[in-house]
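In this note's numbering, the protein residues as written are 1 to 124. Ideal Cβ positions, reconstructed from N, Cα and C, are used throughout, including at glycine. All of these numbers come straight from a predicted model, not from anything done at the bench. Encoded as structure tokens, the structure appears first; notes follow it.
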């Protein structure tokens, strides 16, 4: 059985490295993108099992990326978890209204993120 692919999208390299390491350790194949356009390209090409998406990024924010992903037949069914330092209720509401399945605020425990992803994907 192939490893589940997780696309991690964040403009902060240390977050990418931290989550990449933790997902590898737990038997996932992490894919990383540092910006929105790169994330969309990778999502269309690789069809990951789930996407972890930062909201506050240059060029294209997470909401724009989420709209693009949900508007594309190739990526609309991929679950998206928003990762953000923003703790505003309107951002959380917007995330869910655009199709996100979860909203996790930073700082977070990488192990908790991995566990939540396993729950969403129903992996034990």
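Cα separation between residue i and residue j?
i: residue 31; j: residue 53; result: 12 Å
i: residue 3; j: residue 24; result: 10 Å
i: residue 57; j: residue 40; result: 14 Å
i: residue 1; j: residue 92; result: 34 Å
Out of the options, state which residue places its alpha-carbon closest to the alpha-carbon of residue i.
i: residue 82; options: 47, 61 and 118; result: 61
i: residue 36; options: 12, 94, 118 and 28; result: 12
i: residue 69; options: 90, 88 and 46; result: 46
i: residue 55; options: 38, 18 and 86; result: 86
i: residue 84; options: 101, 100, 71 and 107; result: 107
What whole-angstrom Cβ distance do residue i and residue j have, given they're in contact under 8 Å?
i: residue 51; j: residue 78; result: 6 Å
i: residue 26; j: residue 8; result: Actually they do not touch by this definition, with Cβ atoms about 13 Å apart.
i: residue 103; j: residue 95; result: 5 Å
Find out if the Cβ-Cβ distance for the pair residue i, residue j is shorter than 9 Å.
i: residue 66; j: residue 29; result: no
i: residue 10; j: residue 43; result: no
Item to complete: Could you name each continuous beta strand (DSSP E) segment of 3 residues or more that falls completely within the stretch 19-72, going from the start of the chain to the end?
Response: With a minimum length of 3 residues, the continuous beta strand (DSSP E) runs that stay inside the stretch 19-72 are 29-33 and 50-54.
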